[in-house]
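J.: Before we start, here is the structure in question, set down as structure tokens.
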Amino acid sequence: MADFTMPSLGADMDEGTLVEWLVGPGDTVTKGDVVAVVETAKSTIEVECFDSGTVGALLVDPGTTVPVGTRMAVINTETEPPAAVPAPATPSAKQPTAPASELQAVPGRTTTGGGDTVSTPLVRHLAERKGIDLSSVHGSGKGGRITRSDVEHAPADGPHRVKASPLARRMAQSSGIDLSALRGTGQGGTIRADDVRAATAGPPARTVESHAQARPSSATAEPAYPARAAIAALMSRANREIPHYYLSTKIDLAAAMAWMRDRNADRPVAERLVPAALLLKSVALAARQVPELNGYWKDEAFVPSHTVRLGVAVSLRGGGLVAPALTDADTMPLPELMATLKGLVSRARGGRLRASETADPTLTVTNLGDQGVETVFGVIYPPQVALVGLGRVIEQPVAVNGMLTVHPTVTATLSADHRASDGATGARFLTSIDRLLQRPEEL
Amino acid sequence: MSTRKAPTGTSRPTTYREALREGLREALLQDERVFLMGEDVGRYGGCFGVSLGLLEEFGPDRIRDTPLSESGFVGAGIGAALGGMRPVVEIMTVNFSLLALDQILNNAATLLHMSGGQLSVPVVIRMTTGAGRQLGAQHSHSLEGWYAHIPGIRVLAPATVDDARHMLAAALADPDPVLLFEHGSLYNAEGSLDATVDAVDLDTAAVRRPGTDVSVITYGGSLPKAMAAAETLAGEGISAEVVDLRTLRPLDDATVMASVGRTHRAVIVDEAWRSGSLAAEISSRITEQAFYELDAPVQRVCSAEVPIPYARQLEEAALPQPATIVDAVRRAVS
Numbered sequence: 002m003a004d005f006t007m008p009s010l011g012a013d014m015d016e017g018t019l020v021e022w023l024v025g026p027g028d029t030v031t032k033g034d035v036v037a038v039v040e041t042a043k044s045t046i047e048v049e050c051f052d053s054g055t056v057g058a059l060l061v062d063p064g065t066t067v068p069v070g071t072r073m074a075v076i077n078t079e080t081e082p083p084a085a086v087p088a089p090a091t092p093s094a095k096q097p098t099a100p101a102s103e104l105q106a107v108p109g110r111t112t113t114g115g116g117d118t119v120s121t122p123l124v125r126h127l128a129e130r131k132g133i134d135l136s137s138v139h140g141s142g143k144g145g146r147i148t149r150s151d152v153e154h155a156p157a158d159g160p161h162r163v164k165a166s167p168l169a170r171r172m173a174q175s176s177g178i179d180l181s182a183l184r185g186t187g188q189g190g191t192i193r194a195d196d197v198r199a200a201t202a203g204p205p206a207r208t209v210e211s212h213a214q215a216r217p218s219s220a221t222a223e224p225a226y227p228a229r230a231a232i233a234a235l236m237s238r239a240n241r242e243i244p245h246y247y248l249s250t251k252i253d254l255a256a257a258m259a260w261m262r263d264r265n266a267d268r269p270v271a272e273r274l275v276p277a278a279l280l281l282k283s284v285a286l287a288a289r290q291v292p293e294l295n296g297y298w299k300d301e302a303f304v305p306s307h308t309v310r311l312g313v314a315v316s317l318r319g320g321g322l323v324a325p326a327l328t329d330a331d332t333m334p335l336p337e338l339m340a341t342l343k344g345l346v347s348r349a350r351g352g353r354l355r356a357s358e359t360a361d362p363t364l365t366v367t368n369l370g371d372q373g374v375e376t377v378f379g380v381i382y383p384p385q386v387a388l389v390g391l392g393r394v395i396e397q398p399v400a401v402n403g404m405l406t407v408h409p410t411v412t413a414t415l416s417a418d419h420r421a422s423d424g425a426t427g428a429r430f431l432t433s434i435d436r437l438l439q440r441p442e443e444l
Numbered sequence: 022m023s024t025r026k027a028p029t030g031t032s033r034p035t036t037y038r039e040a041l042r043e044g045l046r047e048a049l050l051q052d053e054r055v056f057l058m059g060e061d062v063g064r065y066g067g068c069f070g071v072s073l074g075l076l077e078e079f080g081p082d083r084i085r086d087t088p089l090s091e092s093g094f095v096g097a098g099i100g101a102a103l104g105g106m107r108p109v110v111e112i113m114t115v116n117f118s119l120l121a122l123d124q125i126l127n128n129a130a131t132l133l134h135m136s137g138g139q140l141s142v143p144v145v146i147r148m149t150t151g152a153g154r155q156l157g158a159q160h161s162h163s164l165e166g167w168y169a170h171i172p173g174i175r176v177l178a179p180a181t182v183d184d185a186r187h188m189l190a191a192a193l194a195d196p197d198p199v200l201l202f203e204h205g206s207l208y209n210a211e212g213s214l215d216a217t218v219d220a221v222d223l224d225t226a227a228v229r230r231p232g233t234d235v236s237v238i239t240y241g242g243s244l245p246k247a248m249a250a251a252e253t254l255a256g257e258g259i260s261a262e263v264v265d266l267r268t269l270r271p272l273d274d275a276t277v278m279a280s281v282g283r284t285h286r287a288v289i290v291d292e293a294w295r296s297g298s299l300a301a302e303i304s305s306r307i308t309e310q311a312f313y314e315l316d317a318p319v320q321r322v323c324s325a326e327v328p329i330p331y332a333r334q335l336e337e338a339a340l341p342q343p344a345t346i347v348d349a350v351r352r353a354v355s
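Chains A and B supply the protein sequences, listed in that same order.
Everything in the first sequence is counted per my numbering, starting at 2 for the first residue and increasing by one.
Everything in the second sequence is counted per my numbering, starting at 22 for the first residue and increasing by one.
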């Protein structure tokens with residue numbers, strides 16, 4: 002027997018709201034399966050299960066906000082008799098031998114789920130991978146159940162679409178609010194104008210009874226919406242508590258760009274690298290070489306991390322930003338890092354990050370190169386101790402061997418916590434990045 | 022919009038029927054070319070009593086009883102209009118007007134176009150529409166939406182005593198065919214006639230009750246029900262704006278869209294059947310023109326898609342009622 006608890010999906014998270022269960026009692030789950038969707042102040046995250054077994058009782062109803070660590074469900078691990086499952090409707094006799102990838106072996110979801118889309122976790126996985134909204138898929142299985150073949154033959158409809166009224170959509174767009182971060186109070190969870198107003202104006206959505214009262218007409222300053230408020234709190238804390246020091250260096254990318262061009266030349270577009278992949282890899286390797294910057298400041302002391310989880314700041318289209326982590330960025334081969342990065346950015350923008358991807362990064366990189374700036378000095382994400390800023394790759398005159406020539410260059414900066422390290426350490430780190438980028442073939 | 026002159030008196034109580042008669046009388050007095058014809062309009066005083074007394078006052082040349090031949094006398098009216106007269110043709114109920122549909126659609130509505138602009142048809146055709154009086158399926162349907170489908174005619178639906186009093190004059194001033202739909206349940210309705218109003222504008226819809234939470238869009242016999250529903254809703258804290266279309270063709274989109282722009286929700290009340298109705302047309306226009314103002318799906322309250330029953334309870338159940346309008350509004354704002 003194992004507990005599935007509300008995970009901590011960030012250093013500043015102390016509670017979360019269960020949005021949806023993706024499994025029902027009696028469903029077979031394997032470690033890593035996405036079992037629930039949890040909403041934090043920052044975004045909506047799919048949470049994975051850390052145990053394999055059969056789902057027992059679901060202890061928390063969707064819509065409930067619970068503290069981190071709260072027991073949300075019971076997972077009966079495989080060695081235990083299925084009798085421990087509270088009233089599963091389907092016997093799971095095949096479960097010990099059948100791999101979860103065989104759809105026929107996965108016991109059907111029982112009616113206790115209450116969802117209108119009847120599907121198994123595997124089907125949901127598949128649908129998510131293909132970017133298909135299951136509610137739009139016609140189920141051809143028994144009782145309207147959506148089968149694997151239904152999903153395989155369904156046209157991909159892109160990222161999950163939020164149900165919102167046209168007015169709410171327009172208001173959200175003009176005030177820069179991410180609709181996926183809101184909870185709809187309309188029919189079927191539709192986001193209405195009141196929900197957007199509540200997010201911009203602070204006071205809770207007005208009830209029908211209070212409709213007759215005059216709408217607030219004075220043009221007061223609008224309080225921040227949840228994601229903005231979370232960023233505001235974190236960044237205020239960072240600037241208040243962390244004594245930053247800043248370093249900057251210009252890195253010659255002639256060798257790196259030439260190597261990348263050669264490597265990309267005979268590869269299909271999907272397998273090509275972009276400069277960001279090389280830059281991130283070199284930052285990750287430098288973090289391993291200068292471990293004083295890779296870790297956390299906790300209880301008045303620096304705690305180094307043994308792995309490098311590189312946070313990549315992703316600005317969201319609706320405003321705000323998240324920094325999901327590239328786990329093992331230092332050991333991951335470049336092509337894999339490239340693919341992971343692509344997936345991470347698109348999932349972050351679609352608001353469907355996984356719990357493991359938001360696990361606390363040990364060092365964050367903010368890359369504003371695509372926004373056109375040359376130099377960015379960032380603010381450290383507590384409890385991390387450093388933040389690397391990367392600007393745009395631009396052609397600049399450089400002196401090489403006493404001759405003036407034009408090379409692609411990038412400005413790398415470091416914002417570091419002076420409590421944890423000194424300028425000399427930071428300098429060593431930036432120099433490491435530079436040195437690594439001069440030998441791109443070793444990245 | 023109403024044009025007003027300096028107040029010479031205050032409002033006075035009257036009925037919808039009397040207001041219509043006053044309008045007719047005024048038209049007959051002011052223009053010699055105006056005459057009224059239809060079944061039983063003379064000696065009987067009109068089957069709903071609208072023209073009672075007019076025969077005695079104006080004589081049989083101007084108040085003419087006709088045989089039961091809708092196509093014939095509507096055609097005669099069109100001919101008289103072409104000949105320079107200003108005929109007012111009364112058809113007992115909209116159900117019977119279908120016998121004259123060929124004249125209305127193929128002649129009245131199209132002659133201006135077919136003649137290359139040479140022949141206009143200044144005929145006014147009045148008829149009763151709607152249910153609620155236990156007159157069975159032959160006398161109770163709301164087919165004005167069908168006429169509102171036809172280009173070349175104007176379709177009016179007076180819902181208040183002021184509109185009943187003044188719409189006829191405006192209709193007669195129109196050089197093209199005008200159809201005037203009088204809801205049968207309104208004839209006995211009392212209202213106070215505003216003595217300061219001496220003309221009405223046929224081009225604009227009227228906001229009969231301002232509100233902020235939902236626009237209830239309606240016309241004719243459904244207006245009193247919508248007003249009653251708005252009153253009930255006000256007690257629940259829901260502020261409903263009631264829009265009276267008044268003219269069903271051409272529709273005044275601007276007033277409807279402005280209202281939806283204020284309230285962001287719309288409920289359309291139309292006594293006709295739902296499928297292919299005027300309510301469907303208005304809903305479409307809101308989607309086309311005010312989609313980004315909507316905070317909820319447009320709701321419609323229409324009649325059950327059955328021949329209107331005779332039995333009172335069944336008839337009531339088949340028609341829009343204040344309670345069903347209240348329900349629809351709650352759905353829109355919930």
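All C-beta atoms in this analysis are idealised placements derived from N, C-alpha and C, irrespective of residue type, glycine included.
These figures come from a predicted structure and were not determined experimentally.
(1) For S166 (chain A), would you say it is in contact with chain B, using Cβ-to-Cβ distances shorter than 7 Å as the test?
(2) Quick one: measure Cβ to Cβ for T186 (chain A) and D196 (chain A), integer angstroms, because I've assumed they're closer than 8 Å.
(3) I'd like to confirm something about G282 (chain B): is its beta-carbon nearer than 6 Å to some heavy atom of the ligand MN, or not?
(4) Does F357 (chain B) come within less than 7 Å of chain A when only Cβ atoms are used?
(5) Which word fits D62 (chain A), buried or exposed, when buried means at least 16 other C-beta atoms lie within 10 angstroms of its C-beta?
(6) Excluding the 5 residues preceding and the 5 following E242 (chain A) in the sequence, name in chain order all residues of the same chain whose CB lies nearer than 8 Å to its CB.
(7) Against chain B, with Cβ distances strictly below 7 Å, would A194 (chain A) count as a contact?
(8) M7 (chain A): which of A:P325, A:T29, A:D253, A:L60 sits nearest, CA to CA?
(9) Who are G54 (chain A)'s beta bridge partners in DSSP?
(10) Which residues bound the alpha helix (DSSP H) around I99 (chain B)?
(11) Is L315 (chain B) close to chain A, meaning its C-beta is less than 7 Å from at least one C-beta of that chain?
(12) For R268 (chain A), would you say it is in contact with chain B, using Cβ-to-Cβ distances shorter than 7 Å as the test?
(13) Taking beta-carbon pairs under 8 Å, can you tell me which members of the segment 299-327 of chain B lie near chain A?
(14) Between the C-alpha atoms of P179 (chain B) and Q188 (chain A), what's the straight-line distance to the nearest angstrom?
(15) Are any of the Cβ atoms in chain A nearer than 7 Å to that of M22 (chain B)?
(16) Taking only three categories from DSSP, how would you classify G256 (chain B)?
(17) Answer yes or no: do W298 (chain A) and D418 (chain A) have a C-beta to C-beta separation smaller than 7 Å?
(18) Answer with yes or no whether the minimum CB distance from R198 (chain A) to chain B is below 7 Å.
(19) Taking Cβ-Cβ distances shorter than 7 Å, what residues in chain B pair up with R171 (chain A)?
(20) Report yes if the CB atom of G390 (chain A) is closer than 7 Å to the CB atom of F378 (chain A), and no otherwise.
(21) Can you give me the Cβ contacts of L248 (chain A) inside the same chain, cut-off strictly under 7 Å, excluding the 5 residues immediately before and after it?
(22) Please report the straight-line C-alpha distance between D242 (chain B) and G151 (chain B), rounded to a whole angstrom.
(23) With a threshold of 7 Å on Cβ separation, who are the neighbours of N265 (chain A) within its own chain once the five nearest residues in sequence on each side are excluded?
(24) Within this structure, are the beta carbons of D316 (chain B) and R286 (chain B) separated by less than 7 Å?
(25) Within the same chain, show all residues whose beta-carbon is closer than 6 Å to that of R85 (chain B), passing over the 5 residues directly before and after it, in chain order.
(26) Do the segment 271-280 of chain B and the segment 130-146 of chain B touch if we need at least three Cβ pairs shorter than 8 Å?
(27) Would the beta-carbon of L322 (chain A) fall within 7 Å of that of A314 (chain A)?
(28) With DSSP as the reference, identify every bridge partner of T45 (chain A), one or two as the case may be.
(29) According to DSSP, is V124 (chain A) part of a helix, a strand, or is it coil?
(30) State the CB to CB distance for the pair T376 (chain A) and T412 (chain A), rounded to an integer number of angstroms; the pair is presumed to be in contact (CB under 8 Å).
(31) Please report the residue range of the beta strand (DSSP E) in which G212 (chain B) lies.
(32) What's the gap between the Cα of G356 (chain B) and the Cα of L132 (chain B)?
(33) Closest by CA to R355 (chain A), which one among A:K32, A:R193, A:V38?
(34) Counting only beta-carbon atoms, is H285 (chain B) nearer than 7 Å to chain A?
(35) Taking C-beta to C-beta, are E292 (chain B) and S260 (chain B) nearer than 7 Å?
(36) Mind checking which residues open and close the beta strand (DSSP E) that includes L148 (chain B)?
T.: Judging by the given coordinates:
(1) yes
(2) Confirmed, about 6 Å.
(3) Only the bare structure without any ligand can be found here, which leaves the ligand MN out of the picture.
(4) The shown model of chain B, from 22 to 355, leaves out residue 357 (chain B), and the question about it has no answer.
(5) With fewer than 16 other Cβ atoms within 10 Å, it is exposed.
(6) P383
(7) yes
(8) Checking every option, the nearest Cα to that of M7 (chain A) belongs to A:L60.
(9) Note: G54 (chain A) sits in a beta bridge opposite A:V30, A:T78.
(10) 91-103
(11) yes
(12) no
(13) From the segment 299-327 of chain B, only F312, Y313, E314, L315, D316, A317 have a Cβ closer than 8 Å to chain A.
(14) Going from the Cα of P179 (chain B) to the Cα of Q188 (chain A) covers about 36 Å.
(15) Unreliable positioning characterises M22 (chain B) in this predicted model, as indicated by a pLDDT of 44, which lies under 50. A coordinate reading is not provided.
(16) Collapsing the DSSP output to three states places G256 (chain B) in a helix.
(17) Judged by beta-carbon spacing, D418 (chain A) lies within the 7 Å limit of W298 (chain A), meaning their Cβ atoms are closer than that value.
(18) The C-beta of R198 (chain A) comes no closer than 7 Å to any C-beta of chain B.
(19) Y313
(20) yes
(21) T414, L415, G424, G427, A428, L431
(22) The amino acid occupying residue 242 (chain B) in the given sequence is Gly; Asp does not appear at that position. Going from the Cα of G242 (chain B) to the Cα of G151 (chain B) covers about 7 Å.
(23) R273, L274
(24) yes
(25) M58
(26) no
(27) yes
(28) A:E40
(29) helix
(30) 5 Å
(31) 211-214
(32) Here chain B has residues from 22 to 355 only, and residue 356 (chain B) is not among them.
(33) A:V38
(34) yes
(35) no
(36) A small fix is needed here, since residue 148 (chain B) is Met in this sequence, not Leu. M148 (chain B) -> beta strand (DSSP E) spans 145-150.
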